[in-house]
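These notes concern the structure reproduced below.
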Amino acid sequence: MTTPIATQQTILVVGGGIAGMTAALEAAECGKQVILVEKTPSLGGRTAQLYRYFPKMCHPTCGLEINLKRIKGNPNVRVLTMTEVVGVSGSRGDYRVTLKVKPRYVTEACTACGDCARAVSSEIPNPFNYGLDKVKAAYLPHAMAYPLRYVIDASIVGTPEGEAAKAACKVGAIDLEMPEETLELSVGSVIWATGWRPYDAAKIQPYGYDRFKNVITSVEFERLADPHGPTGGKLLRPSDGKEAKNIAFIQCAGSRDENHLRHCSRICCMATLKQTQYVREVYGDEGKSTVYYIDIRAIDRFEDFYQNVQKDPNVRFVKSKVARIAENESNGNLILHGVDTEGYHRYANEHDLVVLAVGMEPEIVGIPLPADLVLDTSHFIEGSRTGGMFGAGAASSPLDVNRAVQSATAASLRAIQVIHRSATTEAA
Amino acid sequence: MTTANQQALAKYKNDFLKEVEANVEEGHWVRMCMQCGVCAGSCPLGPHWEHSPQKIFMMIRAGKREEVLTSDSMWMCTSCYNCIVRCPRKLPITHIMHGLANYAHRLGLAPKGQPTREIAKLFWNNLIKTGRVNELKFSLAMYFKDGFSQGVKNALAMQSIGLGLMKAKRLNPFEILGGHRCKDAAGIQKMIAKAREIEDRKKGFA
Amino acid sequence: MAENKFAAYICSGCGLGDTLDIGALEKVAQKEMKMSVVKSHPFLCSDEGVAMIKHDIAHEGVTHLCIAACSRRAKTEAFHFPSAAVSRANLREGVLWVVAEGSEHDEVRQEMAEDYVRMGCAEVKKMKVPAGNVKESSSKKILVVGGGVSGMTAALAAADAGYEVVLVEKTGELGGFAKSLVKRVPFAAPYADPQPTGIEEMVARVRAHAKIKVYVNATLAETSGAPGRFAVKIATESGSLSEELCGAIVQATGFTPYPIEKLPELGGGQPNVVDQAGLEALVRQAAGGTIRRADGKEVKSVVFVQCAGQRDATGQHLPYCSGHCCATSIKQAIYFKDANPEVDTVVMYQDLRVPGMGEDFYRSAQKRGVIFTKGKASQVKGGDVCQVTFKDLILDEENTIEADLVVLATGQVPVAGVNLDEWTATVTAAESGDETAKGKVSELKNISVLKLNYRQGPDMPQFKYGFADSHFICFPYETRRTGIYACGPMRRPMDMFQAQEDATGAALKAIQAVENAALGRAAHPRAWDLSFPSARLEGCTQCKRCTVECPFGAIDEDEKRFPKFNEERCRRCGTCMGACPVRVISFENYSVDTVGSQIKAVNIPDEFEEKPRILILACENDAYPALDMAGIQRLTYSAYVRAIPVRCLGSVNTIWVTDALNSGYDGVMLMGCKKGEDYQCHFVKGSEMAFYRMSKIDDTLKQLGLEPERVQSYEIAITDNARVAKLINDYVAQIQEMGLSPMKGFG
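Okay, here's the thing in structure tokens:
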């Protein structure tokens, strides 16, 4: 790989989700040079894994298509996938960044024809579907992947499977010897759009995510609802593939909880309200949703959406943090125990499927970061000490997509201000 | 009405939350509850409570002094700590429940004849005598708390368990003669008396 | 100008050569389409293949090329030839991957591929390379309207990036609503204490900034022009008019608190019942000491009633939640607790909405002893002893509490100028002679903030509830008035932190707009696009459909009532082109001809072959990717369809449809995005207009003796890969059942 050209007038954006793509594109469309690095093999991040957005119920891939078109049409953005930042030194206006590029084992010659995948039989858990199904070890991350190039999973490199993939490629795009590379860049400003990850639901012991097959997370439910997902859009529960028609949604699974995440993750209420409408979309009046909540945080115009869902006779709201879940071993159903606090009503409700509205944890938790960055108590990025690095999107606060884009656009201008300042002081 | 209760009423007027914060063990945590109800659902004895912990906290905040202090709810706590472990605000709920029970007891408002309360009293009285629990005397005291004939009935009903305990050397019939005690029982009693004096002074029961 | 030279490059890689007769495709390009250079390559996107094309452009004089290979969505970096006009014939995702395998399909598959080569060649022949329209004199100055937190933030953000700013504030001083606040909610860890607002420092920075020119006591008198050349007349208090030439506009005109008088049931207007702004005033008066009511009495107990006149389902008050009020009440309760911990403070809420780290602020108030009661207030009585009657939702009982003071958390009402729907209706009525409407027009003109002289009205279009928000989740700044960006609480209810983020973002978009305008480029979502619409006015009938239907108000009328295209406002969707009944509007690389010639290039078999031909006109943002992805997932659909991507269904001119039917197509499928309230169209009404126009086409069909089912419109989402394949197959079956078009052979 050729090291991309970067100078102190270049902005580095870390993370290729919607916030990172936005931050990169907004700066590039102002005429600035941007390098966008993404650690997975394709752009899009977690929004690409959502089925629909609240409150419009539109598809995130629609915006992704536009953003990809913007990237394809803009030579100011250089995209590096499978790349992570491993070191940052220097200060505002003059950072030196070390990047580690993992081998994809597939070169830019790949035409995405899919011959390698057909030649390989090994499978790996499908990262795009949160491991709910499997994908060949030579795979295209998803139908909208950008770059539109296959990936050879490291597990088959050095095996006959790897060789078979290589042999199947008619354009010679597979390079099983591709090394891991380290790149050094000089940039003026860094935008951290490293996003979020779903909180590890297994840590919420009473909900049995690690024990009960039919307890899943909200991000997994998105994949079930998506026609591109493991069930082709059918709401089938994992234990027996049965249609789940009586679904419990548990709010604040990890959030607003000092044992887990002390912050409110903001999006989960709306995400659940949206998901109740997936149930309606699939089953009509046969699908029942029950939302167990503490406070419904349907902020600003989202309130409309909440009021509409409240009118839906198939959606029930119970003001209660569920205490624990037990499994009915005879049918795989789950029994939720708790108390409806609006007037003290104890319940033991049986559901087909339980969806945990898991909280947003910054993706950077547990990763060594430059000392210049300032984090809050939940590890969201507040800024940097020398003022040349910025958080954007869900890396800066638990934000919905709209606010994440707003934040990324703002971060983009802040980065432009940094390079503008160093350009003008240089000139002076 | 006890004097202590009258004094407390006069002092805190209608502000029951302030009264709880000042006088109940860990009472200052009550304000931190966010009414999620996980404690209510987590309690194994929950179905037997008139009011759940979270509701009690709300009642305290709403000034429902009489209802809270005369309720038997907090006496139902068995210290399983499920609520403490799960509380998202880390309230020491178990301790608050015991604190409330203790406060109600000290004010003379605790429900009469409430079994948990009676057992607690018997246990305490048994313990402070020698500094050791005398299981045999404690058991007998429990059996006979409702009179002689009921005591005999209770003892007969528990006969096989008693014999089993004896066989397993978990129950010594000779304990009836006074039983084991710590080296300085009088010292223990003094210590407890002092502790009580300090607590009374602190909580205004002196 | 050098002569045009047309070339076709056909790829035989990715299995195309194994399944298709590449030689026959070459022949089609050469013989039928008369391309002067026709080459095939086993791996066209390889360095070698691309070098071959580049060589032909550089040394063989090739100016127009058709790449017959994969989808136009794939291999964009490899097939990037900025100096040439390029069309893409989609043989891979559009033919090879979607037509069923097996030799029994060889014939129809090959026909499909040949048609796509014909279409690609025909299209490129009609294309020109967009020249762009660089403007030397373009202004890069940013106009900011509104001198509150949002406006000042936007001004500073743009100025700090090196841009000149003009800031116009209606009142006599900068600072806006925030100036009246004693403190603000915290924006950073530990989220425990109210913070100084920093407004005075901000005002001082704005005042001192060399790049910011401030007008106070000033409003806009008239705004005309377009991005890069907005001529702005500023009316000042003295009555004088100043003029500024600006490149882009940030509107940050804020909000007003919902009037408390409208809430008599909650004590609005009664003594000792105030709104949050009223409380700030009392606290300011206390100057750090004891907080007193208007009558001077010390406040010893206070109740905050949340959602007052908000989240209202009755239709009387605000239906939305203003988002900031829970945290604001928490802050205000802390004012009391920090002044005197003995003050009883109760926050009465239904859902406490403090997202993110606001949870820590909530905890910090609880630690200070603020009581939170989940309850819904039904009545508030003001007076010396205020009474709040409410349903306690936890204890499930009606209750009343007394307090010295009650604070109603009322909502934010946007100040976004004139509602354009109302404007259009009023103007139309006034034009038809309605006298009251005439009076109303001048009234509305007074409400207007921007005073745009656009044909479509003087302000930005509003979204729901009067907020001038974007309709798009992925693109919060996707404005319907190019170069004009709303921010702060006039865009969406928000707190000061959000407003600052928002204003910084809006400033960036304004900067982008001036940069794009200078380069003659479009603005989002086609930021790369250098093409722009041109009209042959000699053919224009002055029907005004383009001026009315342009979703971005880009087209005005000149003195002679001809459409006047303001290219910098244009977003290149082609809605005007679709609207024009006489087809005089076109883009260099996208015109009635580029599409029309593709339609005509398709080889229509005669009726005895029993091979229907269905034309698909697919929105390039949703439907076309869905068709592509059907291919990537190897879903099969009928080889009888011929798909043409269009910029927007709004750009579909009915002539394409009637031409297609006239020339023997058996059916036309229009695939657009979702319409209606939650529309998906990034050009606002493209899909809706196409549906409308097609509903009007029935008469034409009747005249042709055709069934109305021959033209069908569909809403297709980008995820509809499987559905779109099924729709195609179902439609083809329906057409086959109906019988082929009787028009064959007459075209």
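From first to last, the protein sequence lines stand for chains A, B and C. Here this note's numbering = 1-based position in the first sequence + 17. Here this note's numbering = 1-based position in the second sequence + 2. Here this note's numbering = 1-based position in the third sequence + 756. Think of the CB as a built atom: it goes at the ideal place given N, C-alpha and C, for glycine as much as any other residue. This structure is a prediction, so every number in the text was calculated from the model and none was measured.
| Asked | Found |
| --- | --- |
| Since I believe residue 1120 of chain C is in contact with residue 945 of chain C (beta carbons under 8 Å), could you give me their beta-carbon distance rounded to a whole number of angstroms? | Not really, about 12 Å apart at Cβ, beyond 8 Å. |
| Could you check the C-alpha separation between residue 1031 of chain C and residue 937 of chain C for me, to the nearest Å? | 13 Å |
| Where does the unbroken beta strand (DSSP E) through residue 107 of chain A begin, and where does it stop? | 100–108 |
| Taking residue 1252 of chain C as the reference, give the member of C:988, C:1080, C:1002 with the closest Cα. | C:1080 |
| Which whole-angstrom value describes the C-beta separation of residue 1509 of chain C and residue 1308 of chain C, a residue pair presumed to lie in contact below a C-beta threshold of 8 Å? | Here chain C comprises residues numbered 757 to 1503, so residue 1509 of chain C is not present and cannot be evaluated. |
| Quick one: using the 10 Å Cβ neighbour count with 16 as the cut-off for buried, is residue 84 of chain A buried or exposed? | buried |
| Please report the distance separating the alpha-carbon of residue 1246 of chain C from that of residue 1224 of chain C. | 6 Å |
| What is the DSSP secondary structure of residue 240 of chain A, reduced to helix, strand or coil? | helix |
| By the 10 Å Cβ neighbour count, where 16 or more other Cβ atoms means buried, how is residue 1128 of chain C classified, buried or exposed? | buried |
| Please list the terminal residues of the continuous beta strand (DSSP E) segment that includes residue 796 of chain C. | 793–797 |
| I want to verify the contact list: residues of chain C whose CB lies under 9 Å from the CB of residue 91 of chain A, in sequence order. | 1283, 1284 |
| With burial defined as no fewer than 16 other Cβ atoms inside 10 Å of the residue's Cβ, what is the status of residue 168 of chain B: buried or exposed? | exposed |
| Enumerated in chain order, which unbroken segments of the beta strand (DSSP E) with a length of 3 residues or greater are wholly contained in the segment 118–204 of chain A? | 140–142, 151–153, 198–204 |
| Under the DSSP definition of a beta bridge, which residues are partnered with residue 296 of chain A? | Its beta-bridge partners do not exist; DSSP assigns none. |
| Can you tell which of C:925, C:982, C:924 has the C-alpha that lies nearest to the C-alpha of residue 715 of chain C? | This structure cannot settle anything about residue 715 of chain C, because the visible part of chain C is limited to 757 through 1503. |
| Can you name the residues that DSSP bridges to residue 1311 of chain C? | C:1321 |
| Compute the Euclidean distance between the alpha carbons of residue 51 of chain A and residue 45 of chain A, then round it to the nearest angstrom. | 6 Å |
| Alpha carbon to alpha carbon, how far is residue 1136 of chain C from residue 1125 of chain C? Give it in angstroms, no decimals. | 23 Å |
| So, at 8 Å on beta carbons, what are the nonlocal neighbours of residue 1359 of chain C in its own chain, with the 5 sequence-adjacent residues on each side left out? | 867, 870, 871, 874 |
| Could you tell me which of C:906, C:921, C:844, C:854 sits nearest to residue 883 of chain C, measuring between CA atoms? | C:844 |
| Mind listing, in chain order, the continuous alpha helix (DSSP H) runs of no fewer than 4 residues lying wholly within the segment 913–992 of chain C? | 955–964 |
| Considering only their Cβ atoms, is the gap separating residue 1418 of chain C from residue 1334 of chain C smaller than 9 Å? | no |
| Do residue 1169 of chain C and residue 950 of chain C have their beta-carbon atoms positioned less than 9 Å apart in this structure? | no |
| Is it buried or exposed for residue 331 of chain A, if we count other Cβ within 10 angstroms and need 16 for buried? | buried |
| Curious, which full-length alpha helix (DSSP H) runs of at least 4 residues does the segment 1385–1456 of chain C contain? | 1410–1418, 1442–1451 |
| Rounded to whole angstroms, what is the Cα-Cα separation between residue 138 of chain B and residue 185 of chain B? | 20 Å |
| Counting C-beta neighbours from all protein chains within 10 Å, is the total for residue 325 of chain A 16 or more, i.e. buried, or is it exposed? | exposed |
| So which of B:142, B:103, B:45 has the shortest CA-CA distance to residue 68 of chain B? | B:103 |
| Determine, using beta carbons only, whether residue 151 of chain B comes closer than 9 Å to chain A. | no |
| Please name the residues in the segment 55–72 of chain B whose beta-carbon is closer than 8 Å to at least one beta-carbon of chain A, in chain order. | 56, 57 |
| Give me the subset of the segment 316–344 of chain A whose CB atoms are less than 8 Å from a CB atom of chain B, sorted by chain position. | 336, 337, 338, 339, 340, 341 |
| Could you say which of B:149, B:34, B:132 lies nearest to residue 179 of chain B if we only look at CA atoms? | B:132 |
| Can the beta-carbon of residue 886 of chain C be found closer than 9 Å to that of residue 1286 of chain C? | yes |
| Reducing DSSP to helix, strand and coil, say where residue 79 of chain A ends up. | helix |
| What are the partner residues of residue 821 of chain C, as DSSP defines its beta bridges? | C:763, C:842 |
| Can you pull out the residues from the segment 196–230 of chain A whose beta carbon lies closer than 9 Å to at least one beta carbon of chain B? | 222, 223 |
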